[in-house]
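K.L.:
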């Protein structure tokens with residue numbers, strides 16, 4: 001089984017790679033730290049990535065940026081970062097990747113706890129997360145050829161506490177290793193349209 | 001109390017106007033059928049609208065377009081309609097309108113049932129709806145000066161059955177009049193961060 005992992009060099013992505021690498025052929029893609037690059041805010045870049053990668057059985061996205069800032073300070077332009085990257089970027093991985101995914105393959109996108117359990121400064125990220133969850137639920141009922149689509153919503157990772165923990169006081173962190181197992185469930189299971197919330 | 005209603009000439013908007021017009025000073029804005037116009041996909045147009053309208057106590061958005069089409073046929077460009085209009089358009093009404101809303105005022109945005117109960121062709125609209133719901137929940141915890149923010153998610157309106165009913169077989173329609181009362185609850189109530197789901 002060929003598994004394409006986008007955002008493979010990130011904190012989350014590297015745990016997903018570690019979990020899957022012994023059982024699957026993994027194609028690691030990131031914005032700059034990989035042989036095949038992708039900028040998910042560019043449809044041309046996504047198309048080029050899929051042309052280079054070819055047919056796959058699973059697409060995992062652990063990619064997508066968002067601006068963190070208070071609503072009173074976020075401009076439409078800053079909000080566009082989440083719209084173009086975490087939201088449209090991941091949706092476009094599906095729209096432009098469908099034809100490359102083999103029958104009974106899968107897409108697994110990434111959202112996050114902020115859509116359900118907000119923090120100060122997280123509204124733009126929450127927006128992107130909520131958009132992905134709803135898109136996945138809706139797209140699942142019409143994916144062709146038995147292709148499935150799910151999303152994974154982690155809380156803050158233990159590995160990110162040092163960097164971001166001050167924003168997440170009182171949130172119970174979860175290990176990247178545990179979150180990675182949920183991506184495996186999405187890839188190897190039979191469910192579709194799910195939002196796997198790890199919190 | 002001054003209430004700005006964006007999308008006032010639409011099926012839903014006109015019911016909201018009817019419900020509120022005897023109790024409030026209503027400023028009706030739509031894309032073309034009003035003295036003050038707005039194109040919510042343009043930040044300049046939104047800014048100009050607020051400059052013309054001035055201080056208000058409540059902003060109601062019943063505006064926002066989305067492309068309906070199957071995931072296998074939606075291009076990133078077609079998906080951008082929902083991203084720019086129903087999602088970013090409504091979010092930008094908040095980001096750019098905060099300073100015009102009086103203390104203890106409110107924003108009420110519009111989503112829809114498709115994020116929870118999908119139909120074929122509705123993935124792009126569902127995405128926008130889910131994005132708005134999550135944004136509202138998150139923004140609510142940091143709105144300044146007692147300003148509240150909620151969203152309303154109607155099922156299909158009785159008044160829209162003739163036009164769109166074939167897409168919504170088995171959905172129980174709700175009257176525009178009943179949905180309008182929920183906007184009143186958002187404006188006159190004390191809740192914030194809510195998604196009022198009418199289904």
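Chains as they are written, first to last, in full-length UniProt numbering: chain R, 1 to 199; chain F, 1 to 199. All C-beta atoms, glycine included, are put in the ideal place defined by N, C-alpha and C. Keep in mind it's a predicted model, so treat the numbers as computed, not measured.
#1: Taking the continuous beta strand (DSSP E) assigned at residue 188 of chain F, which residues delimit it?
#2: Rounded to a whole number of angstroms, what is the C-alpha to C-alpha distance between residue 147 of chain R and residue 103 of chain R?
#3: Just mark residue 41 of chain F as buried or exposed, buried being the case when its beta carbon has 16 or more other beta carbons within 10 Å.
#4: Using a cut-off of 7 Å between C-beta atoms, extract the partners of residue 142 of chain R located in chain F.
#5: Would residue 208 of chain F count as contacting chain R if we go by Cβ distances under 8 Å?
#6: Using a beta-carbon distance cut-off of less than 7 Å, what residues from the segment 167-195 of chain R approach chain F?
#7: Mind pulling the chain F residues with CB within less than 7 Å of residue 43 of chain R?
#8: Quick one, are the C-beta atoms of residue 171 of chain R and residue 181 of chain R less than 8 Å apart?
#9: From the DSSP output, which residues share a beta bridge with residue 199 of chain R?
#10: CB residue 138 of chain R to CB residue 8 of chain F, shorter than 8 Å?
#11: Given this structure, state the Cα-to-Cα distance separating residue 67 of chain R from residue 131 of chain R, to the nearest angstrom.
#12: Mind pulling the chain F residues with CB within less than 9 Å of residue 98 of chain R?
#13: Out of curiosity, what's the CA-to-CA distance linking residue 134 of chain F and residue 58 of chain F?
#14: Skipping 5 residues on each side, what residues in its chain have a beta carbon closer than 6 Å to that of residue 145 of chain F?
#15: Given a cut-off of 8 Å on the beta-carbon distance, is the pair residue 65 of chain R and residue 86 of chain R in contact?
#16: Considering only residues of the same chain and omitting the five flanking positions on each side of residue 121 of chain F, which have a CB-CB separation below 8 Å?
#17: Quick one: residues in its chain with C-beta nearer than 6 Å to the C-beta of residue 193 of chain R, no 5 flanking neighbours on either side, listed in chain order?
#18: Use the C-beta contact count for residue 190 of chain F: other C-beta atoms within 10 angstroms, 16 or more gives buried, fewer gives exposed.
#19: What whole-angstrom Cβ distance do residue 53 of chain F and residue 27 of chain F have, given they're in contact under 8 Å?
#20: Have a look at residue 99 of chain R and residue 198 of chain R and give me their C-alpha separation to the nearest angstrom.
#21: Where does residue 93 of chain F sit, in a helix, a strand or coil, going by DSSP?
#22: Identify the residues that DSSP records as bridge partners of residue 124 of chain R: which are they?
#23: If I'm right that residue 88 of chain R touches residue 124 of chain R with Cβ under 8 Å, what's the distance once you round it to whole angstroms?
#24: Verify the CB distance criterion: does residue 91 of chain F have a CB-CB separation below 8 Å to chain R?
#25: May I ask you to list the residues that DSSP assigns as paired with residue 109 of chain R?
#26: Considering just the uninterrupted stretch of the alpha helix (DSSP H) at residue 18 of chain R, what are its terminal residues?
#27: Looking only at its own chain, which residues have a Cβ that is under 6 Å from the Cβ of residue 107 of chain F, when we skip the five neighbours before and after it?
#28: Could you give the first and the last residue of the continuous alpha helix (DSSP H) run that contains residue 59 of chain R?
#29: At a Cβ threshold of 8 Å, is residue 137 of chain F touching chain R?
#30: Could you check which residue in R:47, R:159 and R:187 has the C-alpha nearest to that of residue 10 of chain R?
#31: Within 10 angstroms of the Cβ of residue 51 of chain R, are there 16 or more other Cβ atoms? Answer buried if so, exposed if not.
#32: So with Cβ pairs under 8 Å, would you call residue 79 of chain R a contact of chain F?
#33: Are the beta-carbon atoms belonging to residue 186 of chain R and residue 157 of chain R less than 8 Å from one another?
#34: Using a Cβ-Cβ cut-off of less than 8 Å, give me the residues of the segment 33-57 of chain F that come near chain R, in sequence order.
#35: Residue 53 of chain R lies in the alpha helix (DSSP H); which residues open and close that run?
P.N.:
In short:
#1: Numbered from its first residue, the second chain carries residue 188 of chain F at position 188. Where residue 188 of chain F is concerned, there is no enclosing beta strand (DSSP E), although the alpha helix (DSSP H) it sits in stretches over 176-188.
#2: Your numbering for residue 147 of chain R matches position 147 in the first chain. Your numbering for residue 103 of chain R matches position 103 in the first chain. Roughly 6 Å between the two C-alpha positions.
#3: Here residue 41 of chain F is taken as the residue at index 41 of the second chain, counted from 1. Residue 41 of chain F should be labelled buried.
#4: Working through the first chain from its first residue, we reach residue 142 of chain R at position 142. In chain order: 70, 71 and 120.
#5: Not covered by the structure: residue 208 of chain F. The range shown for chain F is 1 to 199.
#6: none
#7: One-based indexing of the first chain puts residue 43 of chain R at position 43. In chain order: 76.
#8: Within the first chain, numbered from 1, the residue matching residue 171 of chain R stands at position 171. Within the first chain, numbered from 1, the residue matching residue 181 of chain R stands at position 181. No, Cβ-Cβ distance for residue 171 of chain R and residue 181 of chain R is not below 8 Å.
#9: Here residue 199 of chain R corresponds to residue number 199 of the first chain, with the count starting at 1. BP columns for residue 199 of chain R are empty, so no partner.
#10: For the purposes of this step, residue 138 of chain R is identified with residue 138 of the first chain, where counting begins at 1. For the purposes of this step, residue 8 of chain F is identified with residue 8 of the second chain, where counting begins at 1. The answer is no: Cβ separation not under 8 Å.
#11: Numbered from 1 along the first chain, position 67 holds the residue referred to as residue 67 of chain R. Numbered from 1 along the first chain, position 131 holds the residue referred to as residue 131 of chain R. Distance between the alpha carbons of residue 67 of chain R and residue 131 of chain R is about 16 Å.
#12: In the first chain, residue 98 of chain R corresponds to position 98, counting from 1. The answer, in chain order, is 71 and 72.
#13: For the purposes of this step, residue 134 of chain F is identified with residue 134 of the second chain, where counting begins at 1. For the purposes of this step, residue 58 of chain F is identified with residue 58 of the second chain, where counting begins at 1. Whole-angstrom Cα-Cα distance: 20 Å.
#14: Against the second chain, residue 145 of chain F aligns to sequence position 145. For residue 145 of chain F, where only same-chain residues beyond five positions count, the Cβ hits under 6 Å are 103.
#15: Within the first chain, the letter at position 65 stands for residue 65 of chain R. Within the first chain, the letter at position 86 stands for residue 86 of chain R. Closer than 8 Å, so yes.
#16: The residue given as residue 121 of chain F occupies position 121 in the second chain. Hits under 8 Å: 68, 69, 70 and 167.
#17: One-based indexing of the first chain puts residue 193 of chain R at position 193. The answer, listed in chain order, is 137 and 140.
#18: Numbered from 1 along the second chain, position 190 holds the residue referred to as residue 190 of chain F. It counts as exposed.
#19: Residue mapping note: residue 53 of chain F aligns to position 53 of the second chain, counting from 1. Residue mapping note: residue 27 of chain F aligns to position 27 of the second chain, counting from 1. Going by Cβ atoms, the distance from residue 53 of chain F to residue 27 of chain F rounds to 6 Å, so yes, they are a contact pair.
#20: Here residue 99 of chain R refers to the residue found at position 99 when the first chain is read from its first residue. Here residue 198 of chain R refers to the residue found at position 198 when the first chain is read from its first residue. Their Cα atoms are separated by approximately 30 Å.
#21: Here residue 93 of chain F corresponds to residue number 93 of the second chain, with the count starting at 1. Residue 93 of chain F falls in the helix class under three-state DSSP.
#22: Taking the first residue of the first chain as 1, we reach residue 124 of chain R at position 124. DSSP, once it has assigned bridges, lists no residue as partnering residue 124 of chain R.
#23: In the first chain, the residue the question calls residue 88 of chain R occupies position 88. In the first chain, the residue the question calls residue 124 of chain R occupies position 124. No, residue 88 of chain R and residue 124 of chain R are not in contact; Cβ-Cβ is about 13 Å, not under 8 Å.
#24: For the purposes of this step, residue 91 of chain F is taken as the residue at position 91 of the second chain. It does: the Cβ of residue 91 of chain F has a partner Cβ on chain R nearer than 8 Å.
#25: Taking the first residue of the first chain as 1, we reach residue 109 of chain R at position 109. Its beta-bridge partners are R:151.
#26: Looking up residue 18 of chain R in the first chain gives position 18. Run containing residue 18 of chain R: 11-20, per the alpha helix (DSSP H) assignment.
#27: Position 107 of the second chain, counted from the first residue, corresponds to residue 107 of chain F. Cβ neighbours of residue 107 of chain F beyond the five flanking positions: 59, 94 and 149.
#28: Start at 1 with the first residue of the first chain, and residue 59 of chain R comes out as number 59. That residue, residue 59 of chain R, is in no alpha helix (DSSP H); its beta strand (DSSP E) goes 56-61.
#29: Translated into the one-based positions of the second chain, residue 137 of chain F becomes position 137. Taking Cβ atoms only, chain R reaches closer than 8 Å to residue 137 of chain F, which makes this a yes.
#30: Taking the first residue of the first chain as 1, we reach residue 10 of chain R at position 10. Residue 10 of chain R has its Cα closest to that of R:159, out of R:47, R:159 and R:187.
#31: Here residue 51 of chain R refers to the residue found at position 51 of the first chain. It counts as exposed.
#32: Indexing the first chain from 1 puts residue 79 of chain R at position 79. Interface residue, yes.
#33: To locate residue 186 of chain R, count along the first chain from 1; it is residue 186. To locate residue 157 of chain R, count along the first chain from 1; it is residue 157. For residue 186 of chain R and residue 157 of chain R, no; Cβs fall outside 8 Å.
#34: 43
#35: If you number the first chain from 1, residue 53 of chain R lands on position 53. 43-53 is the extent of the alpha helix (DSSP H) around residue 53 of chain R.
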